[in-house]
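First comes the structure, then the notes that go with it.
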Amino acid sequence: MCENYTINYYENVLDIKQIIEQTNLQCMDEALNICDLSGIERKYQLWQSLLPRITPYYAVKCNDDPLVVKTLANLGVGFDCASKNEIKQVLSMAVDPERIIFANPCKPVSHLEYAQQQGITTGTVDNEFEIYKLFKHYPSSNLVVRFRSEAKAAQCPLGDKFGSEDVSTLMLLAKSLDLNVTGTSFHVGSGCSDFPAYERAIKTAKNIFKFGELLGYDMDLLDIGGGFSGDNDDNFKEIATIVDQAVQKHFPEESIKIISEPGRFFVSAAYTLVCKIHAKREVRNKDGKLDTIMYYLNDGVYGSFNCILYDHQVVTAQHYLDDDTDLPMFKTLIWGPTCDALDKISEELYLPNLNRGDLLGFPNMGAYTVPVASPFNGFLQPKTLYFQCRAI
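The numbers in UniProt numbering rise by one with no breaks, and the one at position 145 of the sequence shown is 145.
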């Protein structure tokens, strides 16, 4: 599946400006992703150093680029899949079915049957109807019951859609149907800034384990969800400390497998999106002084910047001028290429006065960008150049 992809190699540091010069990007009309596969490998090493007890199961929905998935498969991570096609893609990378959890709490029957055919034995549930569905279509599966446990502050809260507030009733129902419950899961929400939420959720999970054991279940799997930052290592280190301490306190037993579903953690910082300014406007105040500069790019919120609308991402931009030391900075409004006035990328940036044809780079663009971009208005999705460090 990855045979037709080309990987370029660099020595120590990936130099975006040098890549732009070497590939003559200023002559291209389409935006371009620059993917550092070694950045993904470094994130894996960081995870292993801080959370050695917890096995990462990459959330494929975050970025399903084949080389990204292959890189993670080679590292030995597990995979959080939400659909038949995601399962199919991961299996095509020679990943053992035991390394996959079907973590969508509401699964189409045909997807459930495909998972059974492929030997995916573990999946998430959070409602009685899903339990009845499993009883009818996959009674031999292992159920992971997801409970609602939201942070007080998160960019993307999930509790309104997923997570049961009455896990005990679901477990009693599963028991009455002779279904096997093997563990529990939660997700405090993406972009969580309420770090103690992880400790609270892990404590709740311990109580659910105790209840499951009272019902006669062999509870041996805890899934702590995802949502970890991919562009702020200090943030992640602080969360990891809380999680590690909570796990040691509430789940000291080595027999219990603990997994997580990081997505953006692995891929966000691995991508830089390079866009071209194809038009500009200058806005002056009543005194005729230049007040705001508008730039129109070749990618927008219907493409890679979809993450602004649906993932609440705040983007930053960098130019590639040789020297901007003495250049005045102007309030900048950046638009996407489509005819929709909602196609606004940012109005919070300050940049020098750039020209049509100049390039802007947007770091940390690997999460919830590639899989959700569309060709609306006829504008093509960016292609991707892949790079890897020889030293890793």
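Cβ atoms here follow ideal geometry from the backbone N, Cα and C, with glycine treated the same way. This structure is a prediction, so every number in the text was calculated from the model and none was measured.
(request) List the endpoints of the continuous alpha helix (DSSP H) containing MET171. (result) Per DSSP, MET171 belongs to the alpha helix (DSSP H) from 167-176.
(message) Can you confirm whether the stretch 199-215 touches the stretch 8-19 when touching is taken to mean that 3 or more C-beta pairs between the two stretches lie within less than 8 Å?
(response) These segments do not touch.
(request) Please look up how many angstroms separate the CB atoms of ALA174 and PHE186, rounded, as I've assumed it's under 8 Å. (result) About 18 Å separates the two Cβ atoms, so there is no contact after all.
(request) Select from LEU50, TYR44, GLU11 and ILE40 the residue whose C-alpha is nearest the C-alpha of GLN245. (result) Of all alpha-carbon atoms in LEU50, TYR44, GLU11 and ILE40, the one lying nearest the alpha-carbon of GLN245 is that of LEU50.
(request) Could you pull out every residue in the same chain whose Cβ sits closer than 6 Å to the Cβ of SER229, ignoring the five residues on either side in sequence? (result) Contacts found: ASN235 and PHE236.
(message) Which residue marks the beginning of the beta strand (DSSP E) containing LYS344, and which one marks its end?
(response) Here the beta strand (DSSP E) through LYS344 covers 344-351.
(request) Identify which residue in PRO375, GLY78, PHE362 and PHE379 has its Cα closest to the Cα of ILE34. (result) The residue from PRO375, GLY78, PHE362 and PHE379 with its alpha-carbon nearest to that of ILE34 is PHE362.
(request) Ignore the nearest five residues each way along the sequence and tell me which others in PHE379's own chain have a CB closer than 6 Å to its CB. (result) Hits under 6 Å: PRO337.
(message) Just verifying my parser: in three-state terms, what is the DSSP assignment at ASN8?
(response) Residue state, collapsed to three classes: strand.
(request) On the DSSP bridge assignment, give the partners of SER260 in chain order. (result) SER260 is bridged to PRO56.
(request) Report back the beta-carbon spacing between ALA270 and ILE40 to the nearest angstrom; my notes put them in contact at under 8 Å. (result) Confirmed, Cβ separation roughly 5 Å.
(message) Distance check for LYS344 and LEU32, CA to CA, integer angstroms please.
(response) LEU32 and LYS344 have their C-alpha atoms spaced approximately 19 Å apart.
(message) With a threshold of 7 Å on Cβ separation, who are the neighbours of VAL69 within its own chain once the five nearest residues in sequence on each side are excluded?
(response) Taking C-beta separations shorter than 7 Å and ignoring five residues to either side along the sequence, the partners of VAL69 in its chain run VAL60, GLN89, VAL90 and MET93, following chain order.
(message) Closest to TYR114 by C-alpha separation, out of PHE266, LEU327, ALA82 and MET329, would be which residue?
(response) Here the closest residue by C-alpha is ALA82.
(request) Measure the C-alpha to C-alpha separation of THR316 and LEU354 and round it to an integer number of angstroms. (result) Just so you know, the alpha carbons of THR316 and LEU354 end up roughly 16 Å apart.
(message) Quick check: the Cα distance between ILE258 and SER176, rounded to an integer number of angstroms?
(response) Approximately 27 Å, taken between the alpha carbons.
(request) Could you tell me which residues DSSP puts in a beta bridge with SER140? (result) In DSSP, SER140 forms no bridge with anything.
(message) Quick check on the DSSP output: the beta strand (DSSP E) that includes ARG281 runs from which residue to which?
(response) Per DSSP, ARG281 belongs to the beta strand (DSSP E) from 271-284.
(request) Jot down the residue ranges of each uninterrupted alpha helix (DSSP H) in the stretch 55-101, minimum 4 residues, whole runs only, in chain order. (result) With a minimum length of 4 residues, the continuous alpha helix (DSSP H) runs that stay inside the stretch 55-101 are 66-75 and 84-91.
(request) Can you tell me the Cβ-Cβ gap for LYS280 and TYR302, rounded? I've got them flagged as a contact below 8 Å. (result) With a Cβ gap of about 20 Å, LYS280 and TYR302 do not count as contacting.
(request) Would you kindly work out how many angstroms separate the C-alpha atoms of GLU254 and ALA201, rounded to a whole number? (result) About 19 Å.
(request) Going by CA-CA distance only, name the one from PHE102, GLY183, GLU21 and LEU333 that's closest to TYR58. (result) With distances taken between Cα atoms, TYR58 lies closest to PHE102.
(message) By alpha-carbon positions, which one of TYR10, CYS27, TYR5 and GLY189 ends up nearest to VAL274?
(response) The shortest Cα separation from VAL274 among TYR10, CYS27, TYR5 and GLY189 belongs to CYS27.
(message) Just list the residues that DSSP pairs ILE16 with in beta bridges.
(response) Partner(s): none; ILE16 has no beta bridge.
(request) Could you tell me which uninterrupted beta strand (DSSP E) segments, each at least 3 residues in length, are contained entirely in the stretch 188-259, listed from first to last along the chain? (result) Qualifying beta strand (DSSP E) stretches, in chain order: 190-192 and 221-223.
(message) Tell me the DSSP secondary structure of HIS319 in three-state form.
(response) Under the three-state reduction of DSSP, HIS319 is assigned to strand.
(request) Would you identify the three-state DSSP class for LEU46, choosing helix, strand or coil? (result) Note: LEU46 maps to helix in three-state DSSP.
(request) Let me know if VAL144 comes out buried or exposed under the rule of 16 or more other beta-carbons within 10 Å of its beta-carbon. (result) Buried: at least 16 other Cβ atoms inside 10 Å.
(request) Please confirm whether VAL267 and ALA373 have their CB atoms less than 8 Å apart. (result) Cβ atoms of VAL267 and ALA373: not closer than 8 Å.
(request) Within 10 angstroms of the Cβ of residue 394, are there 16 or more other Cβ atoms? Answer buried if so, exposed if not. (result) In this structure the chain extends from 1 to 392, so residue 394 is not present and cannot be described.
(request) Verify whether the separation of the beta carbon atoms of GLY78 and ARG99 is less than 8 Å. (result) Their beta carbons are under 8 Å apart, which means GLY78 touches ARG99 by this criterion.
(request) Apply the 10 Å Cβ neighbour rule to TYR386 and answer buried if 16 or more other Cβ atoms are within range, or exposed otherwise. (result) Label assigned to TYR386: buried.
(message) On the CB-based measure, 16 or more other CB atoms within 10 Å of its CB, does residue 420 come out buried or exposed?
(response) The structure shown does not extend to residue 420, since the chain is modelled only from 1 to 392, so the question has no answer here.
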